[in-house]
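Q: Following this message is one structure expressed as C-alpha cells.
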Amino acid sequence: PGDVDKNLEELKKVWPPILKKAEDYGVKIAIENCPGNIMFRPDIWRAVFDELGSPNLGLEFDPSHLICQLIDPIKAADDFGGRIFHVHAKDAEVLWERVKEVGITFGGWCPHRLPGFGQLDWTKFFSILRKHKYNYAISIEHEDPFFGYEEGLVLAKKFLERFIV
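My numbering applies: residue 147 is where the sequence shown begins, and numbers increase by one.
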C-alpha cells in the first residue's frame, strides 16, 4: 500500500469526479479490503470515507483479509455495515503453531478457507449484515488449498444456504 498519507492525498485528487459520476448515475463503488490497496484496514476506511464523503463509496468486504491481519471482522462489519456493498464469502484460519515458528512476516500461517472451515463466526457475521440491512450479492471466493474447485464451491454453497432467506 505504500505511505497511507500520500495515498490519501492522491485519493483526494483522483476520486471526487469519479464519485460525482457514480452519484449522478446511482452507481455504488466497492473497494475490496485487501492488503495491497489503500482500503485494507478499518482506520483507513474511516479516513477515506471521511475525506471523500460520498455515500456511493463503500467496501467489498472480505472477512478473510481481516482475519489474516488479526483484525476482528465482526466488529469491522458492524462499525462499517452501512458501507458494505458486496461480500466475499471467504474464511481464513490463523495457524498459531506456524506463527510461533515463522512469525507473521512471511506467508503460510493464514490460509484462506471455505466458509465454515476457518475462524469466522458466520452466524454473527450474517446477523451483522442483517442488522445493517445488507441486500447485495454474496460471492463465494474459493481459495481454500484443501479442497478442489467444484467440491469447494458445493461445500461453501451448502454451508451458506442456511443464512440466505
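Heads up, the beta-carbon is just placed ideally off N, CA and C, and yes, glycines get one too.
None of the values given here were measured: they were computed from a predicted structure.
Cα separation between I220 and K174?
A: 23 Å
Q: Just checking my contact of P261 with E239 at CB under 8 Å: how many whole Å lie between their CB atoms?
A: No, P261 and E239 are not in contact; Cβ-Cβ is about 12 Å, not under 8 Å.
Q: Taking the CB atoms as reference points, tell me whether G161 and L212 lie closer together than 8 Å.
A: This sequence places Trp at residue 161; Gly is not what is there. Against a cut-off of 8 Å, the Cβ pair of L212 and W161 comes out as no contact.
Q: Can you say whether E206 is buried or exposed, counting buried as having 16 or more other CB atoms within 10 angstroms of its CB?
A: Counting Cβ neighbours within 10 Å, E206 comes out buried, since at least 16 surround it.
Q: Compute the distance between the beta-carbons of L157 and P209, then report whether it is under 8 Å.
A: No. Outside cutoff.
Q: Whole angstroms are fine: how far does the CA of H232 sit from the CA of D290?
A: 20 Å
Q: Pull up the distance between the alpha-carbon of F263 and that of G172, whole angstroms please.
A: Put simply, the backbone Cα of F263 is about 37 Å away from that of G172.
Q: Note down the Cα distance separating K152 from E307, rounded to an integer number of angstroms.
A: 42 Å
Q: Any C-beta of chain B sitting closer than 8 Å to the C-beta of P181?
A: Judged by its chain identifiers, the structure shown contains no chain B, having just a single protein chain.
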